[in-house]
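Colleague: Once you've had a glance at the structure underneath, I'll fire off some questions.
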Amino acid sequence: MPKLRHSLLAAAVSAALPLFAQAQPAPDLDSLTAAQAAADICAGKYTSEALVGAALARARARADLNAFITLDEAGALKAAKAADAARKRGACKPLDGVPVVIKDNIEVAGLPASAGTPALKGFVPKADAPVAAKLRAAGAIVLGKTNMHELAFGISGYNLAFKSGAQPGVRNAYDPTRIAGGSSSGSGAAIGARIALAGLGTDTGGSVRIPCALNGCASLRPTVGRYAQKGIAPISHTRDTAGPMGVAMADVALLDRVIAGGAAAKPADLKKVRVGVVAANMANLDADTQ
Numbered sequence: 002m003p004k005l006r007h008s009l010l011a012a013a014v015s016a017a018l019p020l021f022a023q024a025q026p027a028p029d030l031d032s033l034t035a036a037q038a039a040a041d042i043c044a045g046k047y048t049s050e051a052l053v054g055a056a057l058a059r060a061r062a063r064a065d066l067n068a069f070i071t072l073d074e075a076g077a078l079k080a081a082k083a084a085d086a087a088r089k090r091g092a093c094k095p096l097d098g099v100p101v102v103i104k105d106n107i108e109v110a111g112l113p114a115s116a117g118t119p120a121l122k123g124f125v126p127k128a129d130a131p132v133a134a135k136l137r138a139a140g141a142i143v144l145g146k147t148n149m150h151e152l153a154f155g156i157s158g159y160n161l162a163f164k165s166g167a168q169p170g171v172r173n174a175y176d177p178t179r180i181a182g183g184s185s186s187g188s189g190a191a192i193g194a195r196i197a198l199a200g201l202g203t204d205t206g207g208s209v210r211i212p213c214a215l216n217g218c219a220s221l222r223p224t225v226g227r228y229a230q231k232g233i234a235p236i237s238h239t240r241d242t243a244g245p246m247g248v249a250m251a252d253v254a255l256l257d258r259v260i261a262g263g264a265a266a267k268p269a270d271l272k273k274v275r276v277g278v279v280a281a282n283m284a285n286l287d288a289d290t291q
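Plus 1 on top of the position in the sequence shown (first one is 1) and you've got the numbering used here.
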């Protein structure tokens, strides 16, 4: 009988060893970029479900930031599991399984799009804005809709209408006693806190650039007309544009390519770059050096 128990135990341990060998490392949100996460998921280093789960856990832990108006935990995990099941190794999408955030004035089907105002709290669009649809078609997983300055009309992100933490207003990712900037405040704070690796804001007069300057992320205000404006609550039809945001400039370039199409941007040849200095400034420099 003891020999039988020993044999059964040995067989159980032997069967379990492959499972331990296949154990995946936990995704490190602090060191990942969106592009690297997509490559890792495609290579099978970890699943989208694991990465999205880590992102959602951090979102809950950083509720003090007021970064989200809607955190879609169930929807994001369902989408991540579906992406994992459908993925074909070696033929992955550019953002396959990567968690992103989207500003609440950009429509995402099935999620509220309040534009940061209580007046639109109950508005739930039935279709994605084209910019959001492009990200989802590229495999991105939407964690939720981010907080913002009301109607995107301001640069502080101090919005009293929506909060998950004790203090009102979107808080800075590095110092919650300070503002996150606006108007794409929640996207900037969420990316700066490495809750998400990339996302979308909108920019009329600095609204993706200011939050990233304050929260340590990268952003781009593209030329008006580069991205479709449908499905985005407007301020100025001649100046509004959606703008990609990410933990690194390479991620911003990736999102831009996904949305606008075209080949990857090539680095400039620095040998061909010319720097001009105004003559009047040269005179001042000469005076300062004497």
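The beta-carbon is built from N, C-alpha and C at its ideal position, and this holds for glycine as well.
None of the values given here were measured: they were computed from a predicted structure.
Taking contact to mean 3 or more Cβ pairs, one atom from each stretch, closer than 8 Å, check whether the region 112–126 and the region 238–246 are in contact.
Modeller: no
Colleague: Looking at C-alpha atoms only, which residue of Gly232, Val276, Val279 and Gly76 is the closest neighbour of Ser115?
Modeller: Proximity to Ser115 across Gly232, Val276, Val279 and Gly76 peaks at Gly232, based on C-alpha coordinates.
Colleague: If you run the structure through DSSP and keep just helix, strand and coil, what is Lys273?
Modeller: helix
Colleague: Name the DSSP bridge partner or partners of Ser220?
Modeller: Met246
Colleague: Does the separation of the CB atoms of Leu78 and Glu50 fall below 8 Å?
Modeller: When the beta-carbon positions are compared, Leu78 and Glu50 come within less than 8 Å of each other.
Colleague: Pro177 and Leu66: beta carbons closer than 8 Å?
Modeller: yes
Colleague: Just curious, the alpha helix (DSSP H) that Ala190 is in, first and last residue?
Modeller: Ser186 to Gly193
Colleague: In or out: Tyr47 buried (at least 16 other Cβ within 10 Å) or exposed?
Modeller: buried
Colleague: Quick one: what's got a C-beta closer than 8 Å to Ala22's C-beta in the same chain, skipping five residues either side?
Modeller: Bear in mind that a pLDDT of 36 at Ala22, under 50, signals an unreliable position, so the model cannot answer this.
Colleague: By the 10 Å Cβ neighbour count, where 16 or more other Cβ atoms means buried, how is Thr203 classified, buried or exposed?
Modeller: buried
Colleague: Could you check if Leu215 is buried or exposed, using at least 16 other CB atoms within 10 Å of its CB as the buried criterion?
Modeller: With 16 or more other Cβ atoms within 10 Å, it is buried.
Colleague: Do the region 91–104 and the region 138–149 meet, that is, are 3 or more Cβ pairs less than 8 Å apart?
Modeller: yes
Colleague: So, using beta-carbon positions, are Ala190 and Arg210 closer together than 8 Å?
Modeller: no
Colleague: Compute the beta-carbon to beta-carbon distance between Pro212 and Gly182, rounded to the nearest angstrom, for a pair I have assumed lies under 8 Å.
Modeller: 4 Å
Colleague: Does the distance from the CB of Asp73 to the CB of Leu161 come in under 8 Å?
Modeller: No, they are not a contact pair.
Colleague: Is Arg179 helix, strand or coil by DSSP?
Modeller: Coil at Arg179, not helix or strand.
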